[in-house]
Ligand code: IPE
Ligand code: IPE
Ligand code: MG
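In the working numbering, the protein residues as written are -14 to 251.
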C-alpha cells in the first residue's frame, strides 16, 4: 500500500492494537509458540517506526492480559523474559523517537525483574515529549474499571467527591491513564473478532480494524492499510451523516472542531 495515499492531516491520534496470533504463526511453521512471540517483537519495532513516520501521537499495545497469567508457566516466564529483553534492547531506539513509555495494568503482579525493567524504561523516557508508547501489561479492562471504582468509593467515603455529581469525565479520572484520549482506531490481528477484555471503557467509539494476519506478519504495509481503512470511515458518534457534514462545513469556515464541540452536547 503506497505510503503517500495516507492523508497526513487526519491520521488517528491514538491507535490501540491487540497483537494476537503469535502462537498460531509459530505452530503453523512447526515452531514452538515462543518463537512466535520472539518474531512478534520485530512487528512491534516496525509499527512503532510507522507511527512515528505518520505522526501518530499515541500507540497502545496489548502485550499481556490479566487472563494470560493462566497460560502454561513456561510460556508466561518466556513472555516476561522477552518483555524485559525488549525494554532493555529497544530503549535506545525508543529514545531516538523521542517516545515516552507508559504502562497500564496490574504491574504489581509482574515478577520483580520485569517490574524493574518497566520502571527503568518509564523513568528513562519520562521527559520525552514525542509520541507516547503505552504497554498494556497484566491488563484487564474489567479490572481497570473495578480498580477505578474502588478508589472512587474511597474518595467518596473521605468526602473528596460527591457521588451524586459524578459524571463520565469524573469517573474517567480514576482510570489508569486518564489523560490519554480514547483510541481512535483499534486494530486486532490474528483473525479473531473480539475485544478480549481490552480497554472496555475507552473503546466506546473507536473504529475497529480486524486483520486476518497473525501479529508476526503484521508489518508496515498492513498497518498503513489499516490507517487508510480508518480514513475512509465516517465517525458519527450517534449523529446523522448530514449533521457530520454540516459540522465539517462549519469548522472549515470557522476553524473550529465542530464534531468535538457537538460531542460535548447531550
Ligand atoms: C498474542 O499471541 C500474544 C499474547 C497473548 C501474549 P497469542 O500467544 O495469543 O497467539 P495465538 O492467538 O495463540 O496464536
Ligand atoms: C489478547 O490475546 C491478549 C493479548 C494480545 C495480549 P489472547 O490470545 O489472550 O485473547 P483470546 O484468548 O484469544 O481471547
Ligand atoms: Mg491469542
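All C-beta atoms in this analysis are idealised placements derived from N, C-alpha and C, irrespective of residue type, glycine included.
- In the three-state reduction of the DSSP assignment, residue 45 falls in the strand class, which pools E and B.
- Contact residues of ligand 1 (beta-carbon closer than 7 Å to any heavy atom; chain order) are 4, 5, 6, 7, 8, 9, 10, 18, 21, 22, 25, 48, 49, 50, 53, 64, 175, 199 and 200.
- Each residue's CA atom was taken as its position, placing residue 146 and residue 121 some 28 Å apart.
- Per DSSP, residue 133 has no beta-bridge partner at all.
- Excluding five sequence positions before and after residue 187, the CB atoms of its chain that fall closer than 7 Å to its own CB belong to 167 and 168, given in chain order.
- If you look at residue 0, you'll find it in the beta strand (DSSP E) that goes -1 to 3.
- The beta carbon of residue -8 sits closer than 8 Å to those of 216, all from its chain and outside the five residues before and after it, given in chain order.
- In this structure, the C-beta of residue 202 stays at least 7 Å away from each heavy atom of ligand 2.
- Between residue 160 and residue 192, the C-beta spacing is not below 8 Å.
- The continuous stretches of beta strand (DSSP E) do not include residue 73, which lies in the alpha helix (DSSP H) extending over residues 58 to 74.
- In the structure shown, the three-state DSSP call for residue 121 is strand.
- It is roughly 5 Å from the alpha-carbon of residue 3 to the alpha-carbon of residue 173.
- With a 10 Å radius around the Cβ and a threshold of 16 neighbouring Cβ atoms, residue 200 comes out buried.
- Judged by their CB atoms, residue 144 and residue 6 are not nearer to each other than the 8 Å cut-off.
- As DSSP reads the structure, residue 236 sits in no beta bridge.
- Taking 8 Å as the cut-off, the beta carbon of residue 50 is found no closer than this to the beta carbon of residue 91.
- In this structure, DSSP gives residue 111 a state outside helix and strand, which the three-state scheme calls coil.
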